[in-house]
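The UniProt record's numbering puts the first residue of the sequence shown at 1, with every later residue one more than the last. Every residue gets a Cβ at the ideal spot worked out from N, C-alpha and C, and that includes glycine.
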Amino acid sequence: MIQQSDRILTIGPDPKAKGGMASVIAFLAPMYTPFHLVVTYKETSKIGKVLLFVNAVLKTFYYCVFKQINVLHIHTANYTDFYRNSVLMYIGKMFNKRVLLHIHGGLFNEFYSAHPGYVSSICRSADALITVSSTFVKMLRQYELNKHIYCLPNCVEIPALYRMEQHHDKLRLVFMGRISEIKGIYDVLECLHKYKELLQDKIELHIGGVGDEKRFQKMITNYNLSSMIVQHGWVNGEQKEKLFCSSDVFIHPSHFESSGIAILEALSYGLPVITTLIGGIPDFFEDKKSGVAVTPGNVDEIYEAILSFVNDRHCILQMGEHGRAIARQFTPSQIEHQLQNIYAKYIQNACESENAIKK
Numbered sequence: 001m002i003q004q005s006d007r008i009l010t011i012g013p014d015p016k017a018k019g020g021m022a023s024v025i026a027f028l029a030p031m032y033t034p035f036h037l038v039v040t041y042k043e044t045s046k047i048g049k050v051l052l053f054v055n056a057v058l059k060t061f062y063y064c065v066f067k068q069i070n071v072l073h074i075h076t077a078n079y080t081d082f083y084r085n086s087v088l089m090y091i092g093k094m095f096n097k098r099v100l101l102h103i104h105g106g107l108f109n110e111f112y113s114a115h116p117g118y119v120s121s122i123c124r125s126a127d128a129l130i131t132v133s134s135t136f137v138k139m140l141r142q143y144e145l146n147k148h149i150y151c152l153p154n155c156v157e158i159p160a161l162y163r164m165e166q167h168h169d170k171l172r173l174v175f176m177g178r179i180s181e182i183k184g185i186y187d188v189l190e191c192l193h194k195y196k197e198l199l200q201d202k203i204e205l206h207i208g209g210v211g212d213e214k215r216f217q218k219m220i221t222n223y224n225l226s227s228m229i230v231q232h233g234w235v236n237g238e239q240k241e242k243l244f245c246s247s248d249v250f251i252h253p254s255h256f257e258s259s260g261i262a263i264l265e266a267l268s269y270g271l272p273v274i275t276t277l278i279g280g281i282p283d284f285f286e287d288k289k290s291g292v293a294v295t296p297g298n299v300d301e302i303y304e305a306i307l308s309f310v311n312d313r314h315c316i317l318q319m320g321e322h323g324r325a326i327a328r329q330f331t332p333s334q335i336e337h338q339l340q341n342i343y344a345k346y347i348q349n350a351c352e353s354e355n356a357i358k359k
């Protein structure tokens, strides 16, 4: 358990919301007793989002004034989420609180390039930056956004149930995550279209996710791929567990990832992965050992990767076991110690500052 958690205020999306950042908070929440949380995002209407932000502002003021809070741990992505959280950060700074800005956004590089002045101002006003991969640490240091930058990898629980040897007639591929171009799912559809005659009797693609369904459904219809694809919508809990355990290979050829928590979760279930070596993925994925790496956007390489698993089912179990072993290095208990050390430093710093002011 995180010590002195009563002095820490977590700010970020509802742990029950969809997306990687919400999943991270859900994994971290049990470490805190008590767990102080200000929710900045959840699925609701436009008016609901405005009211949620107003509530977040008021709750942040309340915690800063009436609770013994020393540290604000703000989980943020890009664009609107970053702007929203910058307001809450300044509230914390008004009351001399220490602010840890935890950057998750996969497109942070693009966001910074579009708004370098604003992003630099906010990041340098924070007491420290936390990010989720060694690649992001290098990028933030290159931009000189803060003197104190920590790498805190995302974590996953190692499930008791996991993929065992399967005996499907067709290779079961599974994709989970947001349906968008950046996640590479359209590249997978292009691959199935281009090599349909060679793959239609050999593979079955399961999709668990939401996003740009209009474009997604149009591609499936235009390419006549419905016989090869099973759609599950957004999955979580028991449904997600069943989908992982009944699949053979996780496919997620992202164009960019800050960390790739969906990939890490797939490894924890013993699934080999077809993915790319971009962003934070190389921190926990090894090409030819826990799956097959492809070049972003290269449908021919995606086909070759799929075919390698079709032709060699034995390697699925072997790579899956290797990936599951890697995932054990990223459990909450492993991450908790790192997080505790970060908190301890800034809680002590805040207390010393408060004592100096009283004197």
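- Residue state for P159 is assigned as coil, using DSSP reduced to three classes.
- Spatial neighbours of H255 in its own chain (CB-CB distance under 8 Å, excluding positions within 5 residues in sequence) are listed in chain order as E181, I182, K183, G184, T276, I278, P296, G297.
- Per DSSP, reduced to three states, the secondary structure at Y346 is helical.
- For T135, the uninterrupted alpha helix (DSSP H) segment begins and ends at 134-142.
- Judged by pairs of C-beta atoms under 8 Å, the region 53-62 touches the region 89-103, as three or more such pairs exist.
- Between the region 125-139 and the region 98-110 there are three or more inter-stretch CB-CB distances shorter than 8 Å, so the stretches are counted as touching.
- Around the beta carbon of M21, a 10 Å sphere encloses 16 or more other beta carbons of the protein chains shown; the residue is thus reported as buried.
- Fewer than three pairs of CB atoms, one per stretch, sit closer than 8 Å, so the region 108-125 makes no contact with the region 11-30.
- Per DSSP, the beta bridge partners of M176 are G208.
- With respect to the 8 Å criterion, V273 and E190 are not classified as neighbours on the basis of their beta carbons.
- Collapsing the DSSP output to three states places H168 in coil.
- Linking A350 to S120 through their CA atoms gives a straight-line distance of about 23 Å.
- Counting C-beta pairs closer than 8 Å gives three or more between the region 189-205 and the region 227-243, which meets the contact rule.
- Annotated as distal: R163 and F285, with beta-carbon spacing of 8 Å or more.
- If the five residues before and after D283 are omitted, its C-beta is found closer than 7 Å to the C-beta atoms of S133, S134, P153, all from its own chain and listed in chain order.
- By the Cβ rule, the region 2-15 counts as touching the region 72-80, because three or more pairs are nearer than 8 Å.
- The C-alpha of G177 lies about 32 Å from the C-alpha of N341.
- Taking C-alpha positions only, Q217 is separated from S86 by approximately 37 Å.
- The DSSP assignment places complete alpha helix (DSSP H) segments of no fewer than 4 residues inside the UniProt domain "Glycosyl transferase family 1" (168-323) at 185-194, 196-199, 213-222, 237-245, 261-268, 299-311, in order along the chain.
- Scanning the region 95-121 for uninterrupted beta strand (DSSP E) segments of 3 residues or longer gives 98-103, listed from N- to C-terminal end.
- Pairing G323 with G270 gives a Cβ-Cβ distance under 8 Å.
- Between F136 and S23, the C-beta spacing is not below 8 Å.
- By the CB criterion at 8 Å, I316 and V249 fall inside the cutoff.
- Secondary structure of L145 (DSSP, three-state): coil.
- The straight-line gap separating the alpha-carbon atoms of K147 and P34 is approximately 30 Å.
- If the five residues before and after H36 are omitted, its C-beta is found closer than 6 Å to the C-beta atoms of L9, all from its own chain and listed in chain order.
- With a cutoff of 8 Å on beta-carbon distance, T40 and F53 are scored as near each other.
- Residue range 128-131 is occupied by the beta strand (DSSP E) that includes A128.
- Considered as a whole, the region 16-63 harbours 20-28 as its complete alpha helix (DSSP H) runs of no fewer than 4 residues, in chain order.
- In the DSSP assignment, the residues bridged to P13 are Y41.
- The three-state reading of DSSP puts I69 in coil, since its state is none of H, G, I, E or B.
- A160 and K46 have their C-alpha atoms spaced approximately 40 Å apart.
- Taking 8 Å as the cut-off, the beta carbon of A327 is found closer than this to the beta carbon of V156.
- Within the model, the alpha-carbon separation for Y143 versus V310 is close to 44 Å.
- Taking 8 Å as the cut-off, the beta carbon of G209 is found closer than this to the beta carbon of F175.
- M89 and Y346 have their C-alpha atoms some 15 Å from each other.
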